[in-house]
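In the numbering used here, the protein residues as written are 409 to 613.
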């Protein structure tokens, strides 16, 4: 019994493995490992709220990539482009590396991160132990370094500003869905705290 109580009062640094006493957490401070300075704990948001935002992000994702982003009209020629078509145009014109990079950063990585959040939180909601989701949790943290979908949105906005001087430009529904997707994803990732999963096996109810 005493051993069980002692185990409940300790945590382990996920980076260097140092055994630490669980900090007295609050909503204003984050706690670092004294050996490697990795974050040991910081508060996140209730898992149910994060799930709601993640599911909303995924719903917005599909119309964002398949609905028209822009319609460009020069003289009597009119061209409508979706996000997927834009990537295919880069690829077909020989910009293979750029096409692959943009696809990975702007499409694959954000979608995978949302799926990973669901694969982490849904099992926890169903009562699974935190160890059950340790692999997707580590994979999620690796992908954090590649999450730059907002850079793609900035490039679209810059393109709109430049193209307006050359032709008649109309913003399509896909642009608004993509903007909504980025906002919802930003909120999802801001509210989701992997450290809650790592430090606490008990899911917030």
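For every residue, glycine included, the Cβ atom is placed at its ideal position computed from N, Cα and C.
Do residue 474 and residue 595 have their CB atoms nearer than 8 angstroms?
For residue 474 and residue 595, no; Cβs fall outside 8 angstroms.
Of all the CB atoms in chain C, is at least one closer than 8 angstroms to the CB of residue 507?
Looking for chain C here will not work: only one protein chain is present.
Taking the beta strand (DSSP E) that residue 428 falls in, what are its first and last residues?
427 to 429 is the span of the beta strand (DSSP E), which, as asked, contains residue 428.
May I ask you to report which of helix, strand or coil DSSP gives residue 532?
Three-state result, residue 532: helix.
Output yes or no for whether 8 angstroms exceeds the beta carbon distance between residue 458 and residue 600.
Yes, they are a contact pair.
Put residue 411 into one of helix, strand or coil per three-state DSSP.
Residue confidence is low: residue 411 scores 41 on pLDDT, short of 50, so the model does not pin down where it sits. Its coordinate-derived value is still stated next. Residue 411 falls in the helix class under three-state DSSP.
Would you report the Cα separation of residue 503 and residue 546, rounded to the nearest angstrom?
Answer to the nearest angstrom: the Cα atoms are 32 angstroms apart.
Taking only the alpha-carbon atoms, compute the straight-line gap between residue 590 and residue 523 and give it to the nearest angstrom.
Spanning the two alpha carbons is a distance of roughly 15 angstroms.
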